[in-house]
Every structure is written in C-alpha cells, then in structure tokens.
Amino acid sequence: MFYKRDWILRQIQMLADMIARAVFGTSAIAYTCENETSPTQTDQLFRKLDMLIAQKRIDEAEDCLFDGIEAGNRKHLELAMDFYQKINRFSDEELEKCNFPRQEILDGVNAVIKKFGLTDMEG
Numbered sequence: 001m002f003y004k005r006d007w008i009l010r011q012i013q014m015l016a017d018m019i020a021r022a023v024f025g026t027s028a029i030a031y032t033c034e035n036e037t038s039p040t041q042t043d044q045l046f047r048k049l050d051m052l053i054a055q056k057r058i059d060e061a062e063d064c065l066f067d068g069i070e071a072g073n074r075k076h077l078e079l080a081m082d083f084y085q086k087i088n089r090f091s092d093e094e095l096e097k098c099n100f101p102r103q104e105i106l107d108g109v110n111a112v113i114k115k116f117g118l119t120d121m122e123g
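The sequence shown begins at 1 in our numbering and counts up by one.
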C-alpha cells in the first residue's frame, strides 16, 4: 500500500515538473500574487484557496478552484498546479483526516491537464 501512495505522490510531482518546464519554461511552479495592494480575481482565489488549505478544507478548496479557473488562462494553470503541489505535500494521515485521498489529487491534476488541453502530459 505504501508503494502505491509513494508512486502517486511522485506521479503528481512529475506532472507538475513537466508542466513547469513545457508551459512556463521553469523548473518549478509557485503562484505569486500579481498585485498585493489591489488583488486580481486570481489573486483573491489564491488567497481563498490558501485559507481553505490552512483550515484543512481541501474538498471545498478544490471545488472553488474548478469554479474559478478558465482554460487558456496561464495564471489559472499556474494557480491550479500550485494548489495541487501544496496539498500533495500533506502527509497521508493529514489527507485522510481531510477525507481527501492522494489519488484524488492525481485525478484533480489530470482534470486540470484536460481542461487546459495538455492531454499529452496525463498521468
């Protein structure tokens, strides 16, 4: 069982790394607010997601993510991948307490990949 969880964890990170290189030309994805004093809608979504993550309300955060992102918007892709990388760092025990299995993270990453038309990268 541990092997499968480790495999999923690595698969998620590998997909994030591939998107970072192929789409953003960088080695890592980390969303940063565009405007701290007058936040954009994406910045506001980022802050809401971070708040929900901190409160361990992962399922609600994922729902907000998919309600708020639009295919074709690179900042939204960056935000989505940042979100999944953050929750992928949770321990299995933390994810279990949140009722959010690691497989659901991989499913979410694959849903983002499809939404943004990056299907060659699916895991």
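Backbone N, C-alpha and C define an ideal beta-carbon position, used for all residues, glycine too.
* Start-to-end residues for the alpha helix (DSSP H) that takes in F90 -> Looking at the DSSP string, F90 is not in any alpha helix (DSSP H), and its letter there is neither H nor E.
* Asked: With 16 as the cutoff for other CB atoms within 10 Å, does R102 come out buried or exposed?
  -> buried
* To do: Using only the heavy atoms of the ligand FAD, determine whether one of them is closer than 7 Å to the beta carbon of D107.
  => Among the components modelled here there is no ligand, and therefore nothing to report on the ligand FAD.
* Asked: Pick from I87, D6, Y31, L79: whose alpha carbon is nearest that of Q55?
  -> I87
* **Coil, strand or helix - C98 by DSSP** => coil
* Would you mind reading off the limits of the alpha helix (DSSP H) that contains T42? => 41-54
* Which first and last residues belong to the alpha helix (DSSP H) in which C64 is found? -> 58-68
* Asked: For T26, which residues from the same chain have a beta carbon less than 8 Å from its beta carbon, with the 5 sequence-adjacent residues on both sides left out?
  -> A20
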